[in-house]
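Novice: I have a structure here, written as structure tokens, and I will follow up with some questions on it.
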Amino acid sequence: MSKDSQTQNAAAAEPISVIIVGMGARASIYSTVALTNPELLRVVGVVDVNAERVEQARIMFNLPEDNCFSTIEDLLARPKMADAVINCTMDRLHVSTSIPLLRHGYDMLLEKPYALNDEEGQKLINCVQETGRKVMVCHILRYTPFYRALRRVIATGVIGEVINIHMVNQVGYLHESVSFVRGKYARAEVCGSGMLLTKCSHDLDIMSWLMGNNVPTSISSVGGVFQFKEEKAPEGAGTHCLNDCQLERECPFSARRLYIEHPMRWSNNVWHDTGTAPATDAEKEKILRRPDNPFSRCVHRCNISIVDHQSVLIHYQDGAIGTFTMNGGASTPRRLIHVTGTRGEIYGTFEDECFCVRQIEPGAPGGYTERTLDMSDFQQGDAHGGGDRSIVLDFVALLRGERISPGCPTLEDSITGHRMVFLAEESRMRGGAMLPW
Ligand SMILES: NC(=O)c1ccc[n+]([C@@H]2O[C@H](COP(=O)([O-])OP(=O)(O)OC[C@H]3O[C@@H](n4cnc5c(N)ncnc54)[C@H](O)[C@@H]3O)[C@@H](O)[C@H]2O)c1
Numbered sequence: 036m037s038k039d040s041q042t043q044n045a046a047a048a049e050p051i052s053v054i055i056v057g058m059g060a061r062a063s064i065y066s067t068v069a070l071t072n073p074e075l076l077r078v079v080g081v082v083d084v085n086a087e088r089v090e091q092a093r094i095m096f097n098l099p100e101d102n103c104f105s106t107i108e109d110l111l112a113r114p115k116m117a118d119a120v121i122n123c124t125m126d127r128l129h130v131s132t133s134i135p136l137l138r139h140g141y142d143m144l145l146e147k148p149y150a151l152n153d154e155e156g157q158k159l160i161n162c163v164q165e166t167g168r169k170v171m172v173c174h175i176l177r178y179t180p181f182y183r184a185l186r187r188v189i190a191t192g193v194i195g196e197v198i199n200i201h202m203v204n205q206v207g208y209l210h211e212s213v214s215f216v217r218g219k220y221a222r223a224e225v226c227g228s229g230m231l232l233t234k235c236s237h238d239l240d241i242m243s244w245l246m247g248n249n250v251p252t253s254i255s256s257v258g259g260v261f262q263f264k265e266e267k268a269p270e271g272a273g274t275h276c277l278n279d280c281q282l283e284r285e286c287p288f289s290a291r292r293l294y295i296e297h298p299m300r301w302s303n304n305v306w307h308d309t310g311t312a313p314a315t316d317a318e319k320e321k322i323l324r325r326p327d328n329p330f331s332r333c334v335h336r337c338n339i340s341i342v343d344h345q346s347v348l349i350h351y352q353d354g355a356i357g358t359f360t361m362n363g364g365a366s367t368p369r370r371l372i373h374v375t376g377t378r379g380e381i382y383g384t385f386e387d388e389c390f391c392v393r394q395i396e397p398g399a400p401g402g403y404t405e406r407t408l409d410m411s412d413f414q415q416g417d418a419h420g421g422g423d424r425s426i427v428l429d430f431v432a433l434l435r436g437e438r439i440s441p442g443c444p445t446l447e448d449s450i451t452g453h454r455m456v457f458l459a460e461e462s463r464m465r466g467g468a469m470l471p472w
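Mapped onto this note's numbering, the consecutive letters of the sequence shown carry residue numbers 36 to 472.
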């Protein structure tokens, strides 16, 4: 298709109509595209068990009452009323909510992880194959200039054949404590996922994407809880930061220090997840002082059932190796990557928005050449480097039959990365056993 006819098609095309299912934090981000680009995306309905969030969406998108639902069943009782659904429910609901919606004829932008395990994932894959519906999984990092450029450099062959990809996800202590220790991801029985699946499925997806057609042959993983456990509570620590802790003034995890004195340090998650919107510090303190407030609990006494550090080792078909480590509670959030090839290497940090390419060159000083690729002009400043918006635009393009990005994470294309996580988790639970692909 020529560029001109593509532009004409885009101009002639109707906006894609969507129903938001699960109007929480993620859906609020994706759905803003409907406000900034109404010619591309229109929100025509909402489903959420939380009446306040339904009301927020009703006002934000000017929805008729009839199009606001408290259950998926109520939506399914109506004939298909939109092109697609944006499914941003929590992890454990992804498959059970997606299958009936796909069968009802909706295409879908589905939050990761697409399933909790291989068996559940297969049910979704079967449903998509049977219905022919289009499903994209929200691997937003594939849309960031950093990883895109890195993938292009590997594809040019300048570093030769890839021998090793080493990746590290340093989950900063602010995010770690609010989401994974005190928050809704702390217990796999509640959230559905473990830490690797919910936080690091992006990283293993990126590794799989960079490895291209090279598939894993075996995986092993070890991990556990190192610091967010009872035995690591220092002497004098209480159970609740504001009510009984002698160390509150010096503890880096003090709820008062993080959520009142420094409100930019993830306190929004606290108010979002507790459904409160305190205006003053006194109100905040009153809410945090409640004995049952999960966000004021001592981080060592939250009884988490997920890991706080984990490493994964992946063998690939051609002999290459991938290694991935997650450290929860790091001083700063960082995603590091080091790709080693037969003719050079690439290393960089996502948050620094640049990476370095070194090539073997016997004639050069030191025996190598080096250049730095700076992505800071392209990375769009938000936590996901512009990926949140770009993925929605790609979803619209996919549904309108327009040109999609080369990294478009269709369900099929997301399978390898997810299976790497499923297998790694099985290995970890079996004490690090090397499991065949
Ligand atoms: N792609 C990413 O980078 C990224 C980042 C963070 C979270 N996530 C994923 O996004 C998903 C949503 O996370 P969030 O932070 O927006 O969660 P959230 O808790 O803010 O939102 C979930 C919403 O689903 C609603 N809900 C619960 N049960 C429901 C049901 N049966 N039917 C309809 N709605 C229901 C809740 O009331 C809530 O409003 C999770 O799966 C999470 O792992 C992805």
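Even glycine gets a Cβ: it sits at the ideal position worked out from N, Cα and C.
This structure is a prediction, so every number in the text was calculated from the model and none was measured.
1) What three-state label does DSSP hand H373 in the structure shown?
2) Tell me the rounded alpha-carbon separation between A365 and Q205.
3) Expressed to the nearest angstrom, what Euclidean distance is found between the alpha-carbon atoms of S40 and E437?
4) If we call anything under 8 Å between Cβ atoms a contact, is R93 one with P50?
5) Check for me: the alpha helix (DSSP H) holding L232 runs from which residue to which?
6) Do you know how far the Cα of L145 is from the Cα of I254?
7) State yes or no: is the C-beta of E265 within less than 8 Å of the C-beta of H335?
8) If I follow the unbroken beta strand (DSSP E) through H275, where does it start and stop?
9) Measuring from the CB of G80, is there a heavy atom of ligand 1 at a distance below 7 Å?
10) T404 bridges to which residues according to DSSP?
11) Check T315 in the structure and name its three-state DSSP category.
12) Ligand 1 and G247: does any heavy atom of the ligand fall closer than 7 Å to the residue's C-beta?
13) Distance, Cα to Cα, K38 vs D429?
14) Classify S52 as helix, strand or coil using the three-state DSSP reduction.
15) When every heavy atom of ligand 1 is checked, does at least one fall within less than 7 Å of the C-beta of I51?
16) Report the CB separation of A459 from S256 in whole angstroms; it is logged as a contact under 8 Å.
17) Between H129, R138 and A190, which has its C-alpha nearest D118's C-alpha?
18) Counting C-beta neighbours from all protein chains within 10 Å, is the total for N248 16 or more, i.e. buried, or is it exposed?
19) Is the region 178–197 touching the region 299–313, taking contact as three or more C-beta pairs under 8 Å?
20) Just the C-alpha distance for A62 and I160, rounded to the nearest angstrom, thanks.
21) Report the option in V216, R406 and Y294 whose CA atom is closest to the CA atom of D483.
22) Does ligand 1 have a heavy atom nearer than 7 Å to the CB of A117?
23) Between M242 and G357, what straight-line distance do the alpha-carbon atoms span, to the nearest angstrom?
24) Can you tell me which of the three DSSP states D353 falls into?
25) For P471, which option in N362, S440, L348 and D409 has the closest C-alpha, if you only look at C-alpha atoms?
Specialist: Looking at the coordinates:
1) strand
2) 6 Å
3) Note that S40 scores a pLDDT of 42, beneath 50, so its modelled location is shaky; the value from the coordinates is reported in the next line. In a straight line, the C-alpha of S40 is about 10 Å away from that of E437.
4) no
5) M230 to M246
6) 26 Å
7) yes
8) Neither: H275 is in no beta strand (DSSP E) and is coded neither H nor E.
9) no
10) Q394
11) coil
12) no
13) Per-residue confidence for K38 stands at a pLDDT of 41, beneath the threshold of 50, marking its modelled position as unreliable; no derived number is given.
14) strand
15) no
16) 4 Å
17) R138
18) exposed
19) no
20) 23 Å
21) Coverage of the chain is limited to positions 36 through 472, which leaves residue 483 absent and any answer about it impossible.
22) no
23) 8 Å
24) coil
25) L348
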